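Heads up, the sequence shown is in the numbering used here, so the first residue is 763 and it goes up one at a time. Glycine included, C-beta positions come from ideal geometry on N, C-alpha and C. All values reported here derive from a predicted model rather than from experimental measurement.
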Amino acid sequence: MAVALPRPLSRGDGTIGRRKQSGVAMADRIEREIEEILRKIDDFVPDRARRPARRVGRPLAAAQGWLVHALARVSLRRVAMWALIVVVVAFFLRGIPGATWLMIGGLIVFATAYLLSRRGGGGPKIEKRWRGQPLDLSRPSWPNRLKTWLKGRRRA
Numbered sequence: 763m764a765v766a767l768p769r770p771l772s773r774g775d776g777t778i779g780r781r782k783q784s785g786v787a788m789a790d791r792i793e794r795e796i797e798e799i800l801r802k803i804d805d806f807v808p809d810r811a812r813r814p815a816r817r818v819g820r821p822l823a824a825a826q827g828w829l830v831h832a833l834a835r836v837s838l839r840r841v842a843m844w845a846l847i848v849v850v851v852a853f854f855l856r857g858i859p860g861a862t863w864l865m866i867g868g869l870i871v872f873a874t875a876y877l878l879s880r881r882g883g884g885g886p887k888i889e890k891r892w893r894g895q896p897l898d899l900s901r902p903s904w905p906n907r908l909k910t911w912l913k914g915r916r917r918a
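See below:
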């Protein structure tokens, strides 16, 4: 003997039952993200990482590519650190001819690296985004935090 269970109320929009009004926005956002992920998974085809063919006839180009790659990883902080090391070593080796010039060169490189690092910028500001939405990762300034703290103390 089959027992008939009551059917859930269908709202006609694919959802069943009633949602609380406060959770509607969060549930819709999560539902959109899940649908977006599922669409992207359908289109995802992993590429196999292949090693580039080794070029035998271009040793100079390969060396140049290695040098460019190595120099691209050097930061101004590292340049300043090595310049200070050169200055200190040249200071202790003052008796050797040319150590004074080495110390002056180290000081110039250190000052240049410091000034370039303080200049800031360097490129266009890139807006941080998550799933196409801009992110605001900034913290409130100290005057705003002080105002908030004072407002909280007045209530107590």
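Distance between beta carbons of residue j and residue i, contact taken as under 8 Å
i	j	result
Ala852	Ala861	5 Å
Ser879	Arg835	Contact flag wrong, Cβ pair sits at about 16 Å.
Val849	Gly868	4 Å
Lys890	Leu877	Lys890 to Leu877, Cβ: 28 Å. No contact.
Cα-Cα separation, residue i to residue j
i	j	result
Arg780	Leu800	Because the pLDDT of Arg780 is 48, which lies under 50, any placement of that residue in the model is unreliable, and the question is left without a value.
Arg794	Leu897	18 Å
Gly857	Trp863	12 Å
Leu833	Ile870	19 Å
Ile803	Arg893	15 Å
Extent of the continuous alpha helix (DSSP H) run through residue i
i	result
Pro821	Pro821 to Ala834
Gly868	Ala861 to Arg881
Leu846	Leu838 to Phe854
Assigned exposure category for residue i - 16 Cβ within 10 Å defines buried
i	result
Phe806	exposed
Phe872	buried
Cβ shell of residue i (< 7 Å), same chain only, five flanking positions each side left out
i	result
Lys782	Any reading at Lys782 must be qualified, since the residue scores a pLDDT of 49, below 50, and its modelled position is unreliable; the value itself is stated next. Here the set comprises nothing.
Spatial neighbours of residue i in its chain, beta-carbon cut-off 6 Å, leaving aside the 5 residues before and after
i	result
Asp790	none
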